[in-house]
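*Asks:* For what it's worth, the numbering used here labels the leading residue of the sequence shown as 17, then goes sequentially.
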Amino acid sequence: MTTRRAAFGMFAILLFSYVINAIDRQLFSVLASDVRVALDLTLPQVGLASTVFTLGMGLAGLPTGYLLSRVSRKNVALLGLVIFSAATYLTAYAQGFPDLLLYRFVSGLGEAMQLTALLAIGTSYFYQHRAIAASSLNFTFGIGAIIGPNLGAAILGASHWQMPFILFGLSGLLALVLIVSCVKPWFTEAAPLLVTTEMASITGNRLWSRTPLLLAMATAFSGLSIYGYLGLYPTYLREALGFSPQQAAMAVSCYGLGALLSLLGGWLGDRFDFHKLLTGSLLASALFGGLLFTELNRSLPLHAGLSFAFGAAISGMVYANLSAGIIKSLPPNLAAQASGLFVASLYIPAAFAGYLLGLLKTQFEWSLAGITQISGCALMAALLTLTIKGRPSSSLARETI
């Protein structure tokens, strides 16, 4: 019991550090209009700057998965924390488009290192509850997605656009001290035991087998939908609908409220056919995401409600079960590489989501551009999940955690 409580306590500290990761990721989109004016950027440029950090995340995903087989997970998580916190701090001192892109890209490298390490830690120690362990990360992402936009907008109102980046960049120091002093290697470096016959159905799978690749493709389209929304939705609210920074922050933070349903999504995915859950959730994401960009929708409460519904579907259900699904489709000795495959599949395409939506806006009006990308990509992901035959190993024999 003491060991179990200690493990929960250490995982809670790691999840707290991931809240800071989520805050850093969500901060830029709310400040994008101010950064655009200060640095004289075009809409496609600020759209690219909003999501280019995901290119860093994606490119670092697979290498980090292999790095974890040679370096301790704790050290990789710490290194990632230092890198993305420093890059967030330096974003405040960007002088133009090139160095802004560089800082945003580097922040993604660090965020991917931390995310991949934490996924490997959680799904290895709590192996028999992998979907819940993976979804707990997205749950804490939801907390950061609520805090980041609202607190960032409040700091902006009291100061200038650089100050939120400075303060949130420095906040990583607290998480660094807690992890170094409190998180022990027996927890972070734990390996799952191969004790169940259910593993027999997936031990032949390799990283590039059909099922993990199809799930990775579905993840890529989901990333284009998620980060099209996260990258330029606040800009759409401010520039097309005339919302204030505080109103836009409130609307987009409701997406984070929806992400808090990740634990429910993980629980459902551990117990039922997660393919059906994924398909239904992706169809719901296409519906709610499209409605967010319709001209019928000009009220703040309606935007907040639809953002919550979109976040609940695509972040609370889809994200949780895609990440766990890829890990479930591979044997446990490939858990770190599976985590890296998920991170790469989600974030490499997502790097261009904001730029793509910005380009679509230059060719069409906001509504058609938003529906085409947000809804269309979610529908493509749903079609891919329908082509997957069989089912990766679901929950194994239940453990008491």
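The beta-carbon is built from N, C-alpha and C at its ideal position, and this holds for glycine as well.
Quick caveat: nothing in here was measured; it's all calculated off a predicted structure.
Specify the secondary structure class of Pro317 as computed by DSSP and reduced to three states.
*Replies:* Stepping through the sequence shown from its first residue, residue 317 is reached at position 301. Looking at Pro317 - three-state DSSP - the assignment turns out to be helix.
*Asks:* Classify Val211: buried if its beta carbon has 16 or more other beta carbons within 10 angstroms, exposed otherwise.
*Replies:* Here residue 211 refers to the residue found at position 195 of the sequence shown. Residue confidence is low: Val211 scores 43 on pLDDT, short of 50, so the model does not pin down where it sits. No coordinate-derived value is stated.
*Asks:* Report yes or no: do the stretch 331-344 and the stretch 151-160 share at least 3 C-beta pairs separated by less than 8 angstroms?
*Replies:* Yes, they touch.
*Asks:* What's the gap between the Cα of Gly370 and the Cα of Ala397?
*Replies:* Against the sequence shown, residue 370 aligns to sequence position 354. Against the sequence shown, residue 397 aligns to sequence position 381. Using only the alpha carbons, I get a separation of about 18 angstroms.
*Asks:* What ranges does the alpha helix (DSSP H) occupy inside the stretch 202-284, keeping only unbroken runs of at least 4 residues that lie completely in it?
*Replies:* Segments of the alpha helix (DSSP H) lying fully in the stretch 202-284: 226-255, 261-275.
*Asks:* How many whole angstroms separate the CB atoms of Ser7 and Ala329, which I take to be in contact at a CB cut-off of 8 angstroms?
*Replies:* No answer is possible for residue 7: it lies beyond the span of the chain, which begins at 17 and ends at 417.
*Asks:* Have a look at Met26 and Ser355 and give me their C-alpha separation to the nearest angstrom.
*Replies:* For the purposes of this step, residue 26 is taken as residue 10 along the sequence shown, with counting starting at 1. For the purposes of this step, residue 355 is taken as residue 339 along the sequence shown, with counting starting at 1. For Met26 and Ser355, the distance between alpha carbons rounds to 20 angstroms.
*Asks:* Going by beta carbon distance, what residues of the same chain come within less than 7 angstroms of Arg89, once the five residues before and after it are set aside?
*Replies:* As a working note, residue 89 is residue 73 in the sequence shown. Taken in chain order, the residues that qualify are Ala133, Ala136, Ile137, Thr204, Glu205.
*Asks:* Is the stretch 259-266 in contact with the stretch 279-292, if contact means three or more CB pairs nearer than 8 angstroms?
*Replies:* The stretch 259-266 vs the stretch 279-292: no contact.
*Asks:* Does the distance from the CB of Cys393 to the CB of Ser241 come in under 7 angstroms?
*Replies:* Looking up residue 393 in the sequence shown gives position 377. Looking up residue 241 in the sequence shown gives position 225. Closer than 7 angstroms, so yes.
*Asks:* Excluding the 5 residues preceding and the 5 following Tyr109 in the sequence, name in chain order all residues of the same chain whose CB lies nearer than 6 angstroms to its CB.
*Replies:* Sequence index remark: in the sequence shown, residue 109 carries index 93 (1-based). Contacts found: none.
*Asks:* Could you tell me whether the Cβ atoms of Ile36 and Ser187 are closer together than 7 angstroms?
*Replies:* Within the sequence shown, the letter at position 20 stands for residue 36. Within the sequence shown, the letter at position 171 stands for residue 187. Yes; because the gap between Cβ atoms is below 7 angstroms, this pair is in contact.
*Asks:* Count the CB pairs spanning the stretch 359-376 and the stretch 64-80 that are closer than 8 angstroms, and state whether there are at least three.
*Replies:* Judged by Cβ distances under 8 angstroms, the stretch 359-376 makes contact with the stretch 64-80, as three or more pairs qualify.
*Asks:* Comparing alpha-carbon positions, which option in Leu116, Gly77, Ala22 lies nearest Leu362?
*Replies:* Along the sequence shown, one-based indexing puts residue 362 at 346. It is Gly77 whose Cα lies nearest to the Cα of Leu362.
*Asks:* Is DSSP giving Gln111 helix, strand or coil here?
*Replies:* Walking along the sequence shown from the start, residue 111 turns up at place 95. In the structure shown, Gln111 sits in coil (DSSP, three-state: anything other than H, G, I, E or B).
*Asks:* Give every residue of the same chain whose Cβ lies closer than 7 angstroms to the Cβ of Leu293, excluding the five residues on either side of it in the sequence, and list them in chain order.
*Replies:* Taking the first residue of the sequence shown as 1, we reach residue 293 at position 277. Answer for Leu293: Leu284, Gly285, Met333, Asn337, listed in chain order.
*Asks:* Could you tell me whether the Cβ atoms of Ile342 and Pro228 are closer together than 7 angstroms?
*Replies:* For the purposes of this step, residue 342 is identified with residue 326 of the sequence shown, where counting begins at 1. For the purposes of this step, residue 228 is identified with residue 212 of the sequence shown, where counting begins at 1. Yes, the pair counts as a contact, with Cβ atoms nearer than the cut-off.
*Asks:* Let me know if Ser260 comes out buried or exposed under the rule of 16 or more other beta-carbons within 10 Å of its beta-carbon.
*Replies:* Here residue 260 refers to the residue found at position 244 of the sequence shown. Ser260 is exposed by the Cβ-count criterion.
*Asks:* Evaluate the contact criterion for the stretch 165-172 versus the stretch 384-392: three or more CB pairs, one atom per stretch, below 8 angstroms.
*Replies:* No contact exists between the stretch 165-172 and the stretch 384-392.
*Asks:* Gly272 and Pro422 - do their beta-carbons sit closer together than 7 angstroms?
*Replies:* No answer is possible for residue 422: the residues shown for the chain start at 17 and end at 417.
*Asks:* Return no unless some Cβ of chain C is closer than 7 angstroms to the Cβ of Thr378.
*Replies:* No chain C is present in this structure, which holds just one protein chain.
*Asks:* Identify which residue in Ile148, Leu57, Asp40, Ala93 has its Cα closest to the Cα of Ala103.
*Replies:* For the purposes of this step, residue 103 is taken as the residue at position 87 of the sequence shown. Per the Cα distances, Asp40.
*Asks:* Just to confirm the assignment, what range does the alpha helix (DSSP H) spanning Trp382 have?
*Replies:* Sequence index remark: in the sequence shown, residue 382 carries index 366 (1-based). Unbroken alpha helix (DSSP H) run through Trp382: 382-386.
*Asks:* Within 10 angstroms of the Cβ of Trp202, are there 16 or more other Cβ atoms? Answer buried if so, exposed if not.
*Replies:* Position 186 of the sequence shown holds residue 202. Exposed is the call here.
*Asks:* Of all the options Leu106, Asp289, Leu402, Thr139, which has the alpha carbon lying nearest to the alpha carbon of Pro347?
*Replies:* Along the sequence shown, one-based indexing puts residue 347 at 331. When each option's Cα is compared against that of Pro347, the closest is Thr139.
*Asks:* For Leu183, which option in Ala128, Leu106, Tyr252 has the closest C-alpha, if you only look at C-alpha atoms?
*Replies:* Translated into the one-based positions of the sequence shown, residue 183 becomes position 167. Answer by Cα proximity: Leu106.
*Asks:* How many whole angstroms separate the CB atoms of Ala128 and Val359, which I take to be in contact at a CB cut-off of 8 angstroms?
*Replies:* On the sequence shown, position 112 is the one that residue 128 refers to. On the sequence shown, position 343 is the one that residue 359 refers to. At roughly 5 angstroms, the Cβ-Cβ gap stays under 8 angstroms, so Ala128 and Val359 are in contact.
*Asks:* With DSSP run on the structure shown, which of helix, strand or coil describes His291?
*Replies:* Start at 1 with the first residue of the sequence shown, and residue 291 comes out as number 275. If DSSP states are grouped into helix, strand and coil, His291 belongs with the helices.
*Asks:* Rounded to whole angstroms, what is the Cα-Cα separation between Ala216 and Tyr34?
*Replies:* The residue labelled residue 216 in the question sits at position 200 within the sequence shown. The residue labelled residue 34 in the question sits at position 18 within the sequence shown. In this predicted model, Ala216 has a pLDDT of only 42, less than 50, meaning its place in the structure is not dependable; the value taken from the coordinates is given anyway. Approximately 34 angstroms between the Cα atoms of the pair.
*Asks:* Which value, in whole angstroms, describes the spacing of the CA atoms of Asp230 and Thr403?
*Replies:* Here residue 230 refers to the residue found at position 214 when the sequence shown is read from its first residue. Here residue 403 refers to the residue found at position 387 when the sequence shown is read from its first residue. Reading off the sequence shown, one finds Leu at residue 230, where the question assumed Asp. The straight-line gap from Cα to Cα measures roughly 8 angstroms.
*Asks:* Should the stretch 116-130 be called in touch with the stretch 83-101, which here means at least 3 C-beta pairs below 8 angstroms?
*Replies:* The stretch 116-130 is in contact with the stretch 83-101.
*Asks:* Just the C-alpha distance for Gly321 and Leu116, rounded to the nearest angstrom, thanks.
*Replies:* Mapped onto the sequence shown, residue 321 falls at position 305. Mapped onto the sequence shown, residue 116 falls at position 100. When rounded, the distance between both Cα atoms is 33 angstroms.
*Asks:* Quick check on this structure: which residue in Gly239, Gly160, Ala170 has the alpha carbon closest to the alpha carbon of Leu395?
*Replies:* Locating residue 395 in the sequence shown gives position 379, where the first residue counts as 1. Among Gly239, Gly160, Ala170, the Cα nearest to that of Leu395 belongs to Gly239.
*Asks:* Tell me the residue span of the alpha helix (DSSP H) that contains Val193.
*Replies:* For the purposes of this step, residue 193 is taken as the residue at position 177 of the sequence shown. Per DSSP, Val193 belongs to the alpha helix (DSSP H) from 188-198.
*Asks:* I believe Ile195 touches Ile390 by the beta-carbon criterion, under 8 angstroms. Please report the beta-carbon distance rounded to the nearest angstrom.
*Replies:* Along the sequence shown, read from residue 1 onward, the residue named residue 195 stands at position 179. Along the sequence shown, read from residue 1 onward, the residue named residue 390 stands at position 374. Contact doesn't hold; Cβ gap of about 36 angstroms is too wide.
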